[in-house]
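The next block holds one structure in the form of structure tokens; read it before the comments.
Right, dumping it as structure tokens:
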């Protein structure tokens, strides 16, 4: 290649720094040059053999080891997962069994407590009813006593009231025996009608 300021006329203008290829310098692209085919084939065979050796002895065994290690790890992880799944299923079954037993026990305890509280409530109710019956009997006895006393005093109260009514109405005085006899007859009549 010539670098010169004098270039043949053509599409390039002359100037410094322009590389122009002369017809004597024109060659084929090196890989397509027939004169270098033999050396290219030799170097291709050498490179192929070296790369094949490196791949066969270094890279592929390492890749096979990595793949085998992963396969073993995956198998171990799957075995562990299967074992843990079985353990969790066993734990779930035992949990459900314990839960069922606890529910049955709680139901039994609740039934026992319900029966005990019902028995206690029945006993308290019976005792309260006995107390109320005793108080009612006592109250009825007091009422009867008060009633009898009141009725016994009704005669005297009625006699006094009758005396005053008769004195007010007719202005006459009555004897206590007359008033007593009149009140007794009214009370006797009333007791017969009752």
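Numbering (my numbering), first residue to last: 184 to 377. All residues carry an ideal CB built from backbone N, CA and C; glycine is no exception.
Cα-Cα separation between residue i and residue j, rounded to whole angstroms
| i | j | result |
| --- | --- | --- |
| residue 319 | residue 355 | 48 Å |
| residue 291 | residue 271 | 30 Å |
| residue 243 | residue 236 | 10 Å |
| residue 246 | residue 274 | 41 Å |
| residue 276 | residue 302 | 39 Å |
| residue 279 | residue 304 | 37 Å |
| residue 212 | residue 254 | 49 Å |
| residue 329 | residue 336 | 10 Å |
| residue 299 | residue 282 | 25 Å |
| residue 315 | residue 360 | 46 Å |
| residue 294 | residue 288 | 10 Å |
| residue 238 | residue 267 | 41 Å |
| residue 306 | residue 321 | 22 Å |
| residue 190 | residue 226 | In this prediction, residue 190 has a pLDDT of 47, which is less than 50 and means its spatial position is unreliable; what the coordinates show is noted afterwards. Cα to Cα, residue 190 sits roughly 39 Å from residue 226. |
| residue 257 | residue 233 | 34 Å |
| residue 251 | residue 259 | 12 Å |
| residue 217 | residue 201 | 30 Å |
| residue 325 | residue 297 | 41 Å |
| residue 344 | residue 323 | 29 Å |
| residue 224 | residue 262 | 53 Å |
| residue 248 | residue 241 | 11 Å |
| residue 264 | residue 285 | 31 Å |
| residue 222 | residue 215 | 12 Å |
| residue 308 | residue 334 | 37 Å |
Assigned secondary structure, residue i (DSSP; H/G/I helix, E/B strand, else coil)
| i | result |
| --- | --- |
| residue 374 | helix |
| residue 354 | coil |
| residue 215 | helix |
| residue 306 | helix |
| residue 202 | coil |
Distance CB(residue i)-CB(residue j) smaller than 8 Å
| i | j | result |
| --- | --- | --- |
| residue 366 | residue 341 | yes |
8 Å contact criterion, which residue i and residue j should meet: CB distance rounded
| i | j | result |
| --- | --- | --- |
| residue 362 | residue 346 | 5 Å |
| residue 369 | residue 357 | That belief does not hold up - the Cβ atoms of residue 369 and residue 357 are roughly 15 Å apart, past 8 Å. |
Within-8 Å CB hit, residue i to chain D
| i | result |
| --- | --- |
| residue 223 | In the structure shown, chain D does not exist; there is a single protein chain. |
Original post:
Which ranges would you report for the beta strand (DSSP E) in the segment 203-290 if only whole runs of at least 3 residues count?
Top reply: List check, beta strand (DSSP E) in window: nothing returned.
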